[in-house]
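Visitor:
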Amino acid sequence: MLIVKKFGGTSVADKERIFNVARRIAEDYKKGNEIVVVLSAMGKQTDVLLEMARNINPKASKREIDMLLTTGEQTSVALMAMALNALDIPAVSLNAFQVAMHTTSAYGNSRLKRIDTERISVELENKRVVVVTGFQGVNKMDDYTTLGRGGSDTTAVALAAALHADTCEIYTDVEGVYTADPRLVSDARKLKEITYDEMLEMASLGAGVLHNRSVEMAKKYGVQLVVRSSLNNSEGTLVKEEVKMEKMLVSGVASDRNTARISVIGLEDQPGVAFKLFNHLARHDVNVDIILQSVGRDGTKDISFTVNEDDLEEAVATLERHRQGSLKCQKIDVEKEVAKVSVVGAGMMSHAGVAAKMFEALYDVGVNIKMISTSEIRVTVLIDDIHVEKAMNAVHEKFFASQL
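Take 62 as the starting number for the sequence shown in the numbering used here and just add one per residue.
(1) Tell me which residues share the same chain as Ile430 and place their Cβ nearer than 8 Å to its Cβ, disregarding the 5 neighbours each side in the sequence.
(2) Is there contact between the region 83-97 and the region 181-193, where contact requires at least three CB pairs shorter than 8 Å?
(3) Compute the Euclidean distance between the alpha carbons of Val449 and Arg244, then round it to the nearest angstrom.
(4) So, helix, strand or coil for His345, using DSSP?
(5) Only counting the same chain, and skipping five residues up and downstream in sequence, which positions put a Cβ closer than 6 Å to that of Glu307?
(6) Suppose the cutoff is 8 Å on Cβ atoms and the five residues either side in sequence are ignored; what does the same chain contact list for Ala151 look like?
(7) What is the C-beta distance between Thr240 and His457, in whole angstroms, given that I count them as a contact (C-beta under 8 Å)?
(8) Whose CA, out of Thr435, Lys253, Glu375, Gly237, lies closest to the CA of Arg344?
(9) If you compare alpha carbons, which of Gln135, Phe158, Asp204, Lys451 is closest to Gly169?
(10) What's the call for Phe336, buried or exposed, on a 16-neighbour Cβ count within 10 Å?
(11) Contact check, Thr367 vs Ala321 under 8 Å by CB: the rounded distance?
(12) So, helix, strand or coil for Val238, using DSSP?
(13) In the DSSP assignment, the beta strand (DSSP E) including Gly212 goes from what residue to what residue?
(14) Please report the distance separating the alpha-carbon of Leu465 from that of Val199.
(15) I need the straight-line Cα distance from Val288 to Tyr232, nearest angstrom please.
(16) For the beta strand (DSSP E) that contains Leu299, what are its first and last residues?
(17) Have a look at the DSSP bridge pairing and note the partners of Tyr232.
(18) May I ask you to report which of helix, strand or coil DSSP gives Lys91?
(19) How is Glu254 classed by DSSP in three states: helix, strand or coil?
(20) Cα-Cα, which of Val311, Lys280, Gly313 is closest to Lys301?
(21) Quick one: using the 10 Å Cβ neighbour count with 16 as the cut-off for buried, is Gln106 buried or exposed?
(22) Leaving aside the five residues before and after Val399 along the sequence, list all residues of the same chain whose C-beta is less than 8 Å from its C-beta, in chain order.
(23) How would you label Arg358, buried or exposed, when you count the other beta carbons within 10 angstroms and need 16 or more for buried?
(24) Tell me the DSSP bridge mates of Gln354?
(25) Helix, strand or coil for Leu271? Go by DSSP, reduced to three states.
(26) How far does the alpha helix (DSSP H) with Gly133 in it reach, from first residue to last?
(27) Who are the near neighbours of Thr215 in its chain, counting only those whose CB is closer than 7 Å to its CB and skipping five residues on each side?
(28) How long is the line joining the alpha carbons of Glu230 and Asp350, rounded to whole angstroms?
(29) If you measure between the beta carbons of His163 and Ile181, is that distance less than 9 Å?
(30) I need the DSSP call for Val440, collapsed to helix, strand or coil.
(31) Check the DSSP bridge columns for Asp394 and list the partner residues they point to.
(32) Quick one: residues in its chain with C-beta nearer than 7 Å to the C-beta of Leu45, no 5 flanking neighbours on either side, listed in chain order?
(33) Below 6 Å CB to CB, which residues in the same chain sit around Asn454 once its five sequence neighbours on both sides are set aside?
(34) Note down the Cα distance separating Gln391 from Gly327, rounded to an integer number of angstroms.
(35) Can you find the residues in the same chain that come closer than 7 Å, C-beta to C-beta, to Val404, ignoring five residues on each side of it along the sequence?
(36) Could you give the first and the last residue of the continuous alpha helix (DSSP H) run that contains Ser247?
Right, dumping it as structure tokens:
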């Protein structure tokens with residue numbers, strides 16, 4: 062079997078954990094499997110590097126930031142190869158340039174275009190474990206780029222697809238995918254399996270187990286994903302196209318505190334205004350989630366929407382530039398202390414009343430809803446950030462109490 066294994070930063074945070082991972086890799090290697098390993102930077106090294114950059118130049122270019130951040134993963138893979146060699150396992154470390162992981166040119170948030178697999182294939186034929194840097198690639202100018210936070214998951218899935226691997230194992234500090242964040246909800250339980258679509262919604266809505274782009278890619282190329290713990294040998298959660306078990310109404314509850322609400326007040330109530338507003342944001346790669354438009358009054362209307370907090374500064378600056386021009390709005394309000402809470406489940410498509418059940422749970426604990434967004438397999442509400450833990454527990458209990 063050809064297995065791609067991805068380990069996050071906490072899994073390789075120090076010498077003890079590096080050797081713990083190395084021994085796990087060695088076990089599978091000795092069973093005759095071909096192994097490709099993808100690593101993130103050690104522990105909080107990425108944050109350390111970012112802080113160093115801010116101390117030197119708070120306005121450093123994204124190109125130089127990427128050049129700096131890629132050193133984190135290069136450290137991890139080199140040390141892991143050394144650890145494997147110390148265990149008498151032949152291994153070689155490769156960075157994005159050596160593999161040739163081609164990306165777009167968007168520094169800080171590039172996308173993989175293609176992967177040259179020849180070097181990896183040669184190393185595998187020579188019976189070596191191949192340890193590859195996650196989170197990074199090389200653009201057409203031969204500059205290093207990074208794939209955004211959580212990008213190592215995407216690297217692993219892309220490699221699994223390109224190499225036609227039998228499975229892609231994502232190792233984290235939790236034992237799999239849970240019905241809710243076990244750090245917030247004590248009754249959260251591990252799922253044996255979950256569909257790509259449900260996992261994609263969970264990942265997009267703040268469940269930090271998998272990067273949403275990695276799930277998109279796994280679904281597109283049919284890569285079998287397994288989310289497992291790097292700290293024990295539990296089976297983990299299988300992510301695939303269809304699940305065998307009878308479909309649960311709701312698969313999970315997710316929260317996202319990295320969000321902010323922007324309200325554009327006093328827009329002209331006429332055709333094309335919404336297009337102008339969101340087109341300006343799209344041109345600056347600002348993704349918008351929940352959208353609410355007020356009923357027009359006195360020839361004006363208000364539009365509120367949520368953005369990732371990381372995009373807030375760019376979004377507000379873009380809107381302010383056009384406030385007196387094409388938008389002709391009265392003012393722009395920002396609210397940061399908000400969070401999204403969502404319920405996700407493919408079973409919702411055939412069951413009415415899911416939203417009402419969720420709203421009842423929030424009402425029972427006195428949590429006010431600011432905005433609502435729905436799709437076939439999710440309901441998302443925007444609430445005050447201080448109520449996240451209370452809301453998560455109430456909603457989880459409402460849907461899962463009878464199943465626990």
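Where is the CB? At the ideal position from N, CA and C, for every residue including glycine.
Guide: So, to answer that:
(1) Phe420, Leu423, Val442, Leu443, Ile444
(2) yes
(3) 12 Å
(4) coil
(5) Unreliable positioning characterises Glu307 in this predicted model, as indicated by a pLDDT of 48, which lies under 50. A coordinate reading is not provided.
(6) Just to set this straight, residue 151 is Pro in the shown sequence, not Ala. Same-chain partners within the cutoff: Leu145, Asn187, Lys188, Arg189, Val190.
(7) 7 Å
(8) Glu375
(9) Asp204
(10) exposed
(11) 7 Å
(12) coil
(13) That residue, Gly212, is in no beta strand (DSSP E); its alpha helix (DSSP H) goes 212-224.
(14) With a pLDDT of 45 at Leu465, under the threshold of 50, the modelled position of that residue is not reliable, and no figure is offered here.
(15) 6 Å
(16) 298-301
(17) Phe68, Arg289
(18) helix
(19) strand
(20) Lys280
(21) buried
(22) Thr320, Ala321, Arg322, Thr367, Lys431, Leu443, Ile444, Asp445, Asp446
(23) exposed
(24) Ile364
(25) coil
(26) 123-147
(27) Leu173, Leu208, His272, Arg274, Ser275, Met278
(28) 30 Å
(29) no
(30) strand
(31) Ser324
(32) Given that the chain is displayed from residue 62 to residue 465, the structure contains no residue 45 and the question cannot be resolved.
(33) Val246
(34) 5 Å
(35) Val311, Val314, Val415, Met419, Arg439, Val440, Val456, Phe460
(36) Here Ser247 belongs to no alpha helix (DSSP H), and DSSP marks it neither H nor E.
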